[in-house]
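Here is the structure we will look at.
Number of protein chains: 2
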Amino acid sequence: MGGDHGPSITLPACRAFLAKHPDAELVLVGLPEDIAAAKDWERVTLVPASEVVAMDDSVEVALRRKKDSSLRVAVMQVKATAAVPAKAHACVSAGNTGALMAVARYVLKTVEGIDRPAIAFAMPNQLDGSTTMLDLGANVDCTAEHLLQFAVMGSALVSAVNGQESPTVGLLNIGEELIKGSEVIKQAGELLRAAGDKGLINFRGNVEGNDIFKGTTDIVVCDGFVGNVALKTAEGLASMFANLIKQEFSRNWLTKLVALAALPVLNRFKHRMDHRRYNGAALLGLRGLVFKSHGSADAFAFEVAIKKAYDAARHRLLDRVHDRIAATLDGQPGSVPGKAAPEGTSTTDGSAGTQHRAA
Amino acid sequence: MGGDHGPSITLPACRAFLAKHPDAELVLVGLPEDIAAAKDWERVTLVPASEVVAMDDSVEVALRRKKDSSLRVAVMQVKATAAVPAKAHACVSAGNTGALMAVARYVLKTVEGIDRPAIAFAMPNQLDGSTTMLDLGANVDCTAEHLLQFAVMGSALVSAVNGQESPTVGLLNIGEELIKGSEVIKQAGELLRAAGDKGLINFRGNVEGNDIFKGTTDIVVCDGFVGNVALKTAEGLASMFANLIKQEFSRNWLTKLVALAALPVLNRFKHRMDHRRYNGAALLGLRGLVFKSHGSADAFAFEVAIKKAYDAARHRLLDRVHDRIAATLDGQPGSVPGKAAPEGTSTTDGSAGTQHRAA
Numbered sequence: 001m002g003g004d005h006g007p008s009i010t011l012p013a014c015r016a017f018l019a020k021h022p023d024a025e026l027v028l029v030g031l032p033e034d035i036a037a038a039k040d041w042e043r044v045t046l047v048p049a050s051e052v053v054a055m056d057d058s059v060e061v062a063l064r065r066k067k068d069s070s071l072r073v074a075v076m077q078v079k080a081t082a083a084v085p086a087k088a089h090a091c092v093s094a095g096n097t098g099a100l101m102a103v104a105r106y107v108l109k110t111v112e113g114i115d116r117p118a119i120a121f122a123m124p125n126q127l128d129g130s131t132t133m134l135d136l137g138a139n140v141d142c143t144a145e146h147l148l149q150f151a152v153m154g155s156a157l158v159s160a161v162n163g164q165e166s167p168t169v170g171l172l173n174i175g176e177e178l179i180k181g182s183e184v185i186k187q188a189g190e191l192l193r194a195a196g197d198k199g200l201i202n203f204r205g206n207v208e209g210n211d212i213f214k215g216t217t218d219i220v221v222c223d224g225f226v227g228n229v230a231l232k233t234a235e236g237l238a239s240m241f242a243n244l245i246k247q248e249f250s251r252n253w254l255t256k257l258v259a260l261a262a263l264p265v266l267n268r269f270k271h272r273m274d275h276r277r278y279n280g281a282a283l284l285g286l287r288g289l290v291f292k293s294h295g296s297a298d299a300f301a302f303e304v305a306i307k308k309a310y311d312a313a314r315h316r317l318l319d320r321v322h323d324r325i326a327a328t329l330d331g332q333p334g335s336v337p338g339k340a341a342p343e344g345t346s347t348t349d350g351s352a353g354t355q356h357r358a359a
Numbered sequence: 001m002g003g004d005h006g007p008s009i010t011l012p013a014c015r016a017f018l019a020k021h022p023d024a025e026l027v028l029v030g031l032p033e034d035i036a037a038a039k040d041w042e043r044v045t046l047v048p049a050s051e052v053v054a055m056d057d058s059v060e061v062a063l064r065r066k067k068d069s070s071l072r073v074a075v076m077q078v079k080a081t082a083a084v085p086a087k088a089h090a091c092v093s094a095g096n097t098g099a100l101m102a103v104a105r106y107v108l109k110t111v112e113g114i115d116r117p118a119i120a121f122a123m124p125n126q127l128d129g130s131t132t133m134l135d136l137g138a139n140v141d142c143t144a145e146h147l148l149q150f151a152v153m154g155s156a157l158v159s160a161v162n163g164q165e166s167p168t169v170g171l172l173n174i175g176e177e178l179i180k181g182s183e184v185i186k187q188a189g190e191l192l193r194a195a196g197d198k199g200l201i202n203f204r205g206n207v208e209g210n211d212i213f214k215g216t217t218d219i220v221v222c223d224g225f226v227g228n229v230a231l232k233t234a235e236g237l238a239s240m241f242a243n244l245i246k247q248e249f250s251r252n253w254l255t256k257l258v259a260l261a262a263l264p265v266l267n268r269f270k271h272r273m274d275h276r277r278y279n280g281a282a283l284l285g286l287r288g289l290v291f292k293s294h295g296s297a298d299a300f301a302f303e304v305a306i307k308k309a310y311d312a313a314r315h316r317l318l319d320r321v322h323d324r325i326a327a328t329l330d331g332q333p334g335s336v337p338g339k340a341a342p343e344g345t346s347t348t349d350g351s352a353g354t355q356h357r358a359a
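Structure below.
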């Protein structure tokens, strides 16, 4: 039901995803009349919910009042108890970020050793790869210990999704020539360095804002305030760039003619910078996999987010976070290479719960 | 002597600036042999210094050991005492930011009512104007009071340089849908709102990272850590964009041909995004005007920084900061429109001290 467009976007995305992944099953959660269109699809289970969390609903409303919201029911699908295994391996939502995080945290609880879940997102970088940043807004005041937990969880995510067993980690800090970082950042640097020395993470020291796009490290760790500002700043600049290019090429008939000639080049450029290809942020540190799609995602972008959740489930992201955090608590190397091979995908059902619609 | 290139860049910039501003005088500070080329220029005074702060010198070295550095001597030119007026109205340096800030603070002291100076920089925005951000790295741990001081000083800067008597101010915060900001940001919001109600600033509430480039407000206030990360992130993304465009247009002979046809459009685009046109950050809150040029500035960019310092001096930025801060301390409106008219430029000598060279 989620995001700005609801099932008009999420249903086609689910259908396209199912066609490409014959081993996957989807659990669709939503208002019965809105998801009924999928009732005859193969490998689909429909789960009804009686209400929807609106994009402008407060966290309190989502948590306390709308107890049968599609968002909450979708999160419930990935909850496992001692008696009952989870009905799905991962949950995907395009809804209200704050509500999703709060409900997921309340329903699923955090992994032992994790104080606060974090939001991780892969940004495109100059090496034609991606740089995973976390946290992007779940936690505004972080301690050094939180930043260490983010580094460990981010390493689990990148090793699962990109298949790099020992991804590099940088701590986001400010220019060398200035007083380096706050007290929290200095302490975090020490903790990360110590964890690196023990082989728990592959720590490469401080990085700066421009290193995100240079691809200096695979993972960039920061508190949620800084991460959110960096992400939004990048979004704002990208949008300004796109507008200026459009303006300049549509200035007069001559520039429009040039644009026509330049179209294949501009399209290739556009493709490489296409934020839709990167859609899907992971909520890490919970006892269940939850992915957040951008609210304005189109069907293509939402399918990318489902695929991310599917890959994370196939590559046992949940176990990896658990193992790495446990190893960090023990102070022992935690990448556990012997256990790292995917368990095979034949039994995996990548599961997407599409939830609440914008008001 | 400053920046990556020293006098090979700064001297031509000074010459070009003098040619365009017949009422300006420059005081050039540096190693005698390096600035001797300017000895016969009109409206130039040479001031020798016996040493140079290297780009990698620590703040301690700049402050305690190199007491006759070009950087320090240049800052001394804008120091006024009860007995002796300042020799120059503003100082411009392309050197080590940390050293410049520390020396300027030590030599000049802060304005009464200002705890910490801030670095302010105008970023291009989508409205073909600029958004002034501060702080950009001088202060990593800020209180709400510091953020209020930044808002007041930023308002003085924009009113002086852009001629807007009541520039709008936004407080940088994170997405609405998440827990809004840290405790400090919440308190700062209250202080800024109260100052806005008294007419001390034109406060417009919270803004997000993307608002910087949208131009939602004239001024964006944040702590130095966040500001530095946002600036560097934007620099990194801009550089990735430029590289990708270059790569796509130089892919083969056909795309190169298209690039040739698109050259006027690409050049206009490049011009609009040209960071050199925005060179020059103001160090605000000191008892003297100090401007920082990017270390990698070329002659064109360095001239822009001199021009900024010249405009700030002509429009009495120092008095404006002083008046606005005094009004804030009193809790009274402080834009003092009656005193805002420039005092006339005939006696103004925009003064540029070009300092230390990279090691």
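Protein chains in written order, with my numbering: chain A, 1 to 359; chain B, 1 to 359. Cβ atoms here follow ideal geometry from the backbone N, Cα and C, with glycine treated the same way. Computed from a predicted structure; not experimentally measured.
Of all residues in the region 3–23 of chain A, none has a C-beta nearer than 8 Å to a C-beta of chain B. Counting other Cβ atoms within 10 Å of its Cβ, V84(A) stays below 16 and is therefore classed as exposed. For V111(A) against H271(A), the beta-carbon gap comes to about 37 Å, at or over 8 Å, which does not count as contact.
Segment contact: the region 88–95 of chain A against the region 305–317 of chain A, three or more CB-CB distances shorter than 8 Å; contact assigned. Here DSSP, grouped into helix, strand and coil, assigns V92(A) to strand. Apart from sequence neighbours up to five positions away, the residues of its chain that approach C222(A) with a beta-carbon distance below 6 Å are L172, ordered along the chain. Excluding sequence positions up to five before and after C142(A), its CB lies within less than 6 Å of the CB of D223, all in the same chain and listed in chain order. A contact is defined here as three or more CB-CB pairs under 8 Å, and the region 226–240 of chain B meets this definition with respect to the region 211–220 of chain A. Check the Cα spacing between L286(A) and each of L317(A), H275(A) and G170(A): the tightest is with L317(A).
In this chain, the beta strand (DSSP E) harbouring M133(A) covers S130 to L134. By the rule that beta-carbons nearer than 8 Å mark a contact, G137(A) touches chain B. In the DSSP assignment, N202(A) is bridged to T168(A).
In terms of CA proximity to D34(A), S8(A) leads the group A82(A), L136(A), K186(A) and S8(A). With three or more CB-CB distances shorter than 8 Å, the region 296–308 of chain A counts as touching the region 12–22 of chain A. Under the 8 Å criterion on CB atoms, T143(B) is classed as non-interfacial with respect to chain A.
Taking 9 Å as the upper bound on Cβ-Cβ separation, chain A lies near residues E208, G209, N210, D211, I212, F213 and K214 of the region 202–214 of chain B.
Contiguous alpha helix (DSSP H) elements confined to the region 7–59 of chain A occur at 7–20 and 32–35, taking only those with 4 or more residues. M123(B) sits in a strand when the DSSP states are folded into three classes. Taken in chain order, the complete beta strand (DSSP E) segments of 3 or more residues contained in the region 200–252 of chain A are 202–207 and 219–221.
The beta carbon of M273(B) sits closer than 8 Å to some beta carbon of chain A. By the Cβ neighbour-count rule, A194(B) is exposed, with fewer than 16 other Cβ atoms within 10 Å of its own. The Cβ atoms of F150(B) and L136(B) lie no closer than 8 Å to each other. DSSP places V290(B) outside any alpha helix (DSSP H); the residue lies instead in the beta strand (DSSP E), whose first and last residues are L289 to K292. Residue pairing from DSSP leaves L266(B) without any beta-bridge partner. A direct Cα-to-Cα measurement between L26(A) and L192(A) gives close to 38 Å. The bridge partners DSSP lists for S69(B) are E51(B). Closest by C-alpha distance to G199(A), out of G280(A), V152(A), G227(A) and G163(A), is V152(A). Counting along the chain, the unbroken beta strand (DSSP E) around A282(B) starts and ends at A281 to L284. Taking A230(A) as the centre and dropping the five residues before and after it, the same chain places the C-beta of M133, L172, G209, I212 and C222 closer than 8 Å to its C-beta, in chain order. Here V258(B) has F249 as same chain residues with Cβ atoms under 8 Å from its own Cβ, once five neighbours each way along the sequence are excluded. G113(B) and V220(B) have their C-alpha atoms roughly 21 Å apart. Ranked by how close their Cα comes to the Cα of M55(A), the residues L71(A), D218(A), L266(A) and L254(A) have L71(A) in first place.
L100(B) sits away from K79(B), with the two beta carbons spaced by 8 Å or more.
If you compare the alpha carbons of L28(A), I306(A) and G196(A) with that of A282(A), the shortest gap goes to I306(A). Residue pairing by DSSP places T97(B) in no beta bridge whatsoever.
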